[in-house]
């Protein structure tokens, strides 16, 4: 394995979240009854013409700028010709030799190392519709229906340089790309809804070789996990072939998520000749530098900068800063919370540990949970004031996460206020000492650990509400007096 | 009174004075259609009931005192490649034999807004590919001047309808001469406007960078009136020009003194019927008599126009016509076993020979490895042809040529595609340059009309109308009407 270098380039499609489609006024909204978000234009009926939605140009340009690309002064749309039932004009309006943006990069972080990955180009195009096969699989179907709702939804395709050297780097690249798109607010970037799609070009070569090996293109990667798994599989498959003295065939392969393998889809010989030519229905784009500068000035702080700031100014560990800035929503949650309760470390810890644990457990995005920065800030203040213990806070936090209730209300309703009254705790401590002679004996015999059990018993009796500091202090006093 | 033989402006006078109603007028034109249509066969679809209803609505508006424009109540026809909501639009192709658009072409919306009355949809060469209307997927249209001859094409139905009194005016589309050539053959006025002057939204595309809608009328004044209605910027067409569109009737002055007219030598001599050439020379003399300054000039890249056109137009059409795959509308082959065979059988059964020829030509020209040698080269030559015209217009207000190399020919006489393509030799360069040109009747040869072409620079339709108007006012040669055999 060590003797091969892996070379990966990614082609990523990002659906832009403009309100209307790229060349007509239909809504871009995901879902909807089949063929309800359509009009003569996106259905490509005879005689219709496309008119570019200016927002698409704006979003694509912003994306290009956020990826450090050069924005074209002169750009145009081309037709990519091929027959398929989900493509109503039998050509896709795309960009061929004059894309809107070229020659950019983004930085990824893998194993504490920062690496710059080149972006070859970024271009605009329209999405196709969707086939709904009337059987379990395409081959067992007697017929298929077509849903054209997605037809004409604006896409940008972002092509990386072959700079990625492992599946892990590929995943990191995709995650960073997703974060950037989120930050500049041009896409929902949801892989499961298809608003972020990825194809991988994978090849291997002997370590130290300057020439590229024969590549395969892997399609149908529907999650971050499948991107990583498919690339890992494909690398192993290619190495096996080469080790056995075989040759890699240039082809397109599809990832079978269930079987965990890639399968040949079509060879190079079967590849389409798309017969690209400039779309005569659309006028060329002349992009003014002033407009580009305006967009550039309006870009928000991007994840890499934000991460740097959280490390330098907030003193967060690099890992934590990386996680928090990996999603725009999470970063905004953090920002808002620290603006209300500027204990950076505490806020970051609660997000890193409790919030992410709950989100991951329920497979939710932060935006899907009911917890608010206001709620978290308030709860942290209650801990600070000693109103609740850190332990109780975890209960309160979970309740906030599930119901969105105010922490004060939760504490009141459930009677979770911390008991710090020594008299009240003293009675319980006495009971616990009386009921656990074995542990008391152990403690006396020098087993310091036994006190932990006794503290636990007191906490249990008080349903966790006793102030642990007070419990500790009283137990120690009473035990030494015995 | 034979209302069907009158012009828009003559009829408008009668309508305004309430001497006739739009309904009476429409009825009379419909009767004329009934009388002559089995001879001419100009229409694919006749919308009799809708027409009468629309005419009555206009009459009611007039009674109610609603202010109406000059096209209100005027019965007209549209080439069957302009989409009409709820009315079959076929492009005279089997592949669209049952296609009913759910929307209107912008140009039809404008005509509806102006109150004109749609009589029906006219026959054409399938998908506007042809010069005789013989390529219609349904039937051929005949020339009202000689029923053994073609009306020209591809807008043969519209030209024949106006010439035969089956419509007061009509619209056609012109990609390489498809308005001007049939106008010449049928002895009517035909104008191809500047590319971008009339919206293409709803015009079923043949070659997008060349297609342009324009009018067929009986005289120059009518042409100006129709132009006033159909031109203008359309936000639904990205190639529509956002220009100042003039009142075209303001150019109808009987004075062309000092106007400079260029005679490009490449449009004369070899390949041009000497009798046609003589007629054009008579027109040149007439212009000189009227005070125009006429000089010879040269458009040196003219000979490359035809091969350039036959790369660009087929290339665009191969892509534009790819959508007819049987999936969503139109013909679908019944006997397919999978999606690929459905595509190919549908297209094999639905398209005619000429359409297939051009799709294959264009597919080839765009193919990887050939693109630079053919399509890209053609785009460069197109630029040179444009430059020829630009240079000429530095000196001249307009250029004058024959519209066609000969008068209308007999059915079946141009079975060799190249012989047919040569019918457009004088008209094609204009489309490549995107500039306007007017075809005006100028006398007869063998009792068939000769067409004279006036070419102007972009958006100079007014200049063309002005010169055409002066010729019309000062020569009987421009006003010719066919006598239909066996029709009272």
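Residue numbers (the numbering used here), protein chains in the order written: chain A, 9 to 490; chain B, 23 to 510. Note that CB positions come from ideal geometry on N, CA and C, so glycine has one too. A quick note: this is a predicted structure, and the numbers were derived from the prediction, not measured.
Residues of the segment 98-132 of chain B with Cβ closer than 9 Å to any Cβ of chain A, in chain order = Flagged, chain order: 103, 104, 105, 111, 113, 118, 121, 123, 124, 125, 127.
query = Between residue 257 (chain B) and chain A, is there a C-beta pair that is closer than 8 Å?
reply = yes
query = Would a check of beta-carbon distances place residue 223 (chain B) closer than 8 Å to chain A?
reply = Residue contact with chain A for residue 223 (chain B): present (Cβ-Cβ distance below 8 Å to some residue of chain A).
ask   = Going by other Cβ atoms of all chains shown within 10 Å of its Cβ, with 16 needed for buried, is residue 22 (chain A) buried or exposed?
value = Residue environment for residue 22 (chain A): buried (at least 16 other C-beta atoms within 10 angstroms of its C-beta).
request  = Quick one: residues in its chain with C-beta nearer than 6 Å to the C-beta of residue 380 (chain B), no 5 flanking neighbours on either side, listed in chain order?
outcome  = 151, 336, 339
request  = Measure from the alpha carbon of residue 334 (chain A) to the alpha carbon of each residue in A:460, A:128, A:117, then state which is nearest.
outcome  = Each of A:460, A:128, A:117 was checked against the Cα of residue 334 (chain A), and the nearest Cα belongs to A:117.
ask   = Where in the segment 38-77 of chain B do unbroken runs of the alpha helix (DSSP H), each at least 4 residues long, occur, reported from the N-terminal end onward?
value = 44-62
request  = Pull up the distance between the alpha-carbon of residue 294 (chain B) and that of residue 207 (chain B), whole angstroms please.
outcome  = 15 Å
inquiry  = To the nearest angstrom, how far is the alpha carbon of residue 473 (chain A) from that of residue 479 (chain A)?
reply    = 10 Å
task = Please classify residue 278 (chain A): does DSSP put it in a helix, a strand, or coil?
result = coil
query = How many angstroms separate the CA atom of residue 212 (chain B) from the CA atom of residue 397 (chain B)?
reply = 30 Å
key: Environment of residue 465 (chain B) [buried if 16+ CB atoms lie within 10 Å]   = buried
Cβ pair residue 415 (chain A), residue 393 (chain A) closer than 8 Å = Not in contact: residue 415 (chain A) and residue 393 (chain A) (Cβ atoms no closer than 8 Å).
message = Does the contact criterion of 3 or more C-beta pairs under 8 Å hold for the segment 183-194 of chain B versus the segment 230-241 of chain B?
response = With the cut-off at 8 Å, the segment 183-194 of chain B and the segment 230-241 of chain B touch.
task = Kindly indicate which residue of B:195, B:219, B:307 has the alpha-carbon position closest to the one of residue 315 (chain B).
result = Among B:195, B:219, B:307, the Cα nearest to that of residue 315 (chain B) is on B:307.
Bridge-paired residues (DSSP) for residue 109 (chain A) = A:79, A:130
query = By Cβ distance below 7 Å, which residues in the same chain neighbour residue 435 (chain A) in space, the five residues on each side in sequence not counted?
reply = none
query = At a CB-CB cut-off below 7 Å, which residues of chain B make contact with residue 143 (chain A)?
reply = The contact set of residue 143 (chain A) on chain B, defined by CB atoms closer than 7 Å, is empty, because the minimum CB distance reaches about 14 Å.
inquiry  = Is the beta carbon of residue 469 (chain B) closer than 8 Å to that of residue 197 (chain B)?
reply    = no
request  = Return yes when the Cβ of residue 289 (chain B) is within less than 8 Å of the Cβ of residue 448 (chain B), no when it is not.
outcome  = yes
Cβ shell of residue 345 (chain A) (< 6 Å), same chain only, five flanking positions each side left out = The answer, listed in chain order, is 355, 381, 384, 385.
message = On the CB-based measure, 16 or more other CB atoms within 10 Å of its CB, does residue 148 (chain A) come out buried or exposed?
response = Exposed, by the Cβ-count rule.
task = Determine contact between the segment 388-397 of chain B and the segment 436-444 of chain B, defined as no fewer than three beta-carbon pairs at a distance below 8 Å.
result = Two segments are said to touch when three or more pairs of C-beta atoms, one from each, lie closer than 8 Å; by this definition the segment 388-397 of chain B does not touch the segment 436-444 of chain B.
request  = With a threshold of 16 other CB atoms inside 10 Å of the CB of residue 477 (chain A), please say whether the residue is buried or exposed.
outcome  = Residue 477 (chain A) should be labelled exposed.
query = Are residue 27 (chain A) and residue 196 (chain A) touching if we call contact CB-CB under 8 Å?
reply = no
request  = Name, in chain order, the residues that DSSP records as bridge partners for residue 473 (chain B).
outcome  = B:463
Closest residue to residue 463 (chain A) among A:446, A:441, A:212 (Cα-Cα distance) = A:441
message = Please state the DSSP three-state secondary structure of residue 158 (chain A).
response = Reduced to three states, the DSSP call for residue 158 (chain A) is coil.
task = Select from A:60, A:198, A:55, A:170 the residue whose C-alpha is nearest the C-alpha of residue 122 (chain B).
result = A:55
ask   = Taking Cβ positions only, does residue 231 (chain B) come closer than 8 Å to chain A?
value = Using beta-carbon distances, residue 231 (chain B) counts as an interface residue toward chain A, with a partner under 8 Å.
message = Any beta carbon from chain A within less than 8 Å of residue 499 (chain B)'s own beta carbon?
response = no
Beta strand (DSSP E) segment containing residue 261 (chain A), residue limits = 259-264
Contacts of residue 499 (chain A) in chain B (Cβ-Cβ under 7 Å) = Residue 499 (chain A) lies beyond the stretch modelled for chain A, which goes from 9 to 490, so this question has no answer here.
request  = Say yes only if the C-beta of residue 386 (chain A) is nearer than 7 Å to one or more non-hydrogen atoms of the ligand MN, and no if none qualify.
outcome  = The ligand MN is not among the ligands present in this structure, which contains no ligands whatsoever.
task = Please confirm whether residue 250 (chain A) and residue 238 (chain A) have their CB atoms less than 8 Å apart.
result = No, the Cβ-Cβ distance between residue 250 (chain A) and residue 238 (chain A) is not below 8 Å.
ask   = The alpha helix (DSSP H) with residue 342 (chain A) in it runs from where to where?
value = 336-348
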